[in-house]
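This report refers to the structure that appears directly beneath it.
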Amino acid sequence: MFYENDIVIKQKLIGDLNKYLMSQKQVAEFLGMSRSNLSSVVSTDKLRPLYVFDHSSSRKMALFYKKDVELYSKNRRTRKRNK
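If you want the numbering used here, it's the 1-based position in the sequence shown plus 286.
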């Protein structure tokens with residue numbers, strides 16, 4: 287069943303998704319690394335996706351919480367400076 291305000295709800299969801307979440311591609315670009323390097327970071331639990339679609343598939347799609355990515359980036363820069 288569709289409601290008259292579905293368009294408003296969809297627009298709000300899209301706004302919230304863009305505000306709080308990042309795709310794998312966006313995370314890799316933000317961190318300046320390849321997607322395969324990002325996969326390594328994820329597999330070692332250094333950065334965890336908030337949600338993974340189709341977990342059983344080889345073509346998973348992960349969404350990351352933007353603040354987690356920003357914190358990982360900040361910690362990564364700090365580690366590089368301290369070396």
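Even for Gly, the Cβ is constructed at its ideal location relative to N, Cα and C. Keep in mind that this is a model prediction, so the values were computed, not measured.
- Beta-bridge partners of F339 (DSSP): M347.
- The closest CA to that of E315, considering only E356, Q297, R367, is found on E356.
- In the DSSP assignment, M308 forms a beta bridge with F350.
- Y358 carries a helical assignment under DSSP once its states are collapsed to helix, strand and coil.
- Here K352 really is in contact with Y306; their C-beta atoms are around 6 Å apart, less than 8 Å.
- Boundaries of the alpha helix (DSSP H) around S322: 321 to 329.
- In the displayed model, K366 falls within a helix according to three-state DSSP.
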